[in-house]
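Read in order, the letters of the sequence shown correspond to residues 25 to 238 in the numbering used here.
For every residue, glycine included, the Cβ atom is placed at its ideal position computed from N, Cα and C.
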Amino acid sequence: MSADEASAGTVKTRTVGIVIFDDVEVLDFAGPFEVFSRVRLEAGPASRLSDEGAPFHAITIAPTNETITAIGGLRVIPDHGLADAPELDILLIPGGWGARALLEREDVLEWIRQRTGNAEILASVCTGSLVLAQAGLLEGKRATTHWAAIDALGAIDPTITVESHVRWTDDGIYTSAGVAAGIDLAFHIVETLHGRDVADETAKYIDYPRRYVP
25 MSADEASAGT VKTRTVGIVI FDDVEVLDFA GPFEVFSRVR LEAGPASRLS
75 DEGAPFHAIT IAPTNETITA IGGLRVIPDH GLADAPELDI LLIPGGWGAR
125 ALLEREDVLE WIRQRTGNAE ILASVCTGSL VLAQAGLLEG KRATTHWAAI
175 DALGAIDPTI TVESHVRWTD DGIYTSAGVA AGIDLAFHIV ETLHGRDVAD
225 ETAKYIDYPR RYVP
């Protein structure tokens, strides 16, 4: 919580847009969605009975408004397509086999570039970092990805300092390693914005053992 918010007794609700697509890895998007949607500044289960006072509003965004099919066959109806997505405070790009197809989708890449200019935070999970690299957004930055895509990330943009043995990176743009690492990154973002106590209490609520070291 910022000093202005604390003094005014108000909390900004940040809209978290998570991009989904065919063959997205389920935990890549569902893990961070669970974290952001369960955060409350007031501790305890009772505060989760409604969304009142929630500091994050998580939504899903797909290339179109059509249902997408994630890895494993899970079908998801997105909240928005690219064309009707609202303004975002946080933009998160997950990975999965379908992320490779996005590397050839200039419409998606350009949308990400445009939205990055207005978003407070840009993040990726797993091979979502390949998409950010293809969009030219990781130039000269530290970044990571799924262990099986480390070489691919460096090949897209040799200026990236690819870190292969970390859980996440925080270099202006946030990136995480594979799949479940996105949960740790989400908690890191929550802690950055609202402090460790809030992040830890949220982790306790969802029974998740946090990792504090990148």
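Excluding the 5 residues flanking Ala143 on each side, which residues of the same chain have their C-beta closer than 7 Å to its C-beta? Cβ neighbours of Ala143 beyond the five flanking positions: Leu112, Asp113, Ile114, Leu115.
By the 10 Å Cβ neighbour count, where 16 or more other Cβ atoms means buried, how is Tyr198 classified, buried or exposed? By the C-beta density criterion, Tyr198 is buried, having at least 16 other C-beta atoms within 10 angstroms.
Is the CB-CB distance between Ala157 and Ile136 below 8 Å? Contact: no.
Just tell me which of Gln138, Thr39, Ser153, Asp108 has its CA closest to the CA of Thr127. The sequence given here places Leu at residue 127; Thr does not occur at that position. Per the Cα distances, Ser153.
What is the DSSP secondary structure of Val50, reduced to helix, strand or coil? Helix, per DSSP.
Beta-carbon spacing of Leu162, Thr140 below 8 Å: Contact flag unset, no.
Where Val43 sits in the DSSP three-state scheme: Three-state DSSP puts Val43 in a strand.
If contacts are defined as beta-carbon pairs under 8 Å, then Thr84 and Ile145 qualify, I think. What distance do you get, rounded to the angstrom? Going by Cβ atoms, the distance from Thr84 to Ile145 rounds to 17 Å, so no, they are not a contact pair.
So, Ile117 versus Val155, is the Cβ gap smaller than 8 Å? Cβ distance < 8 Å, so Ile117 and Val155 count as in contact.
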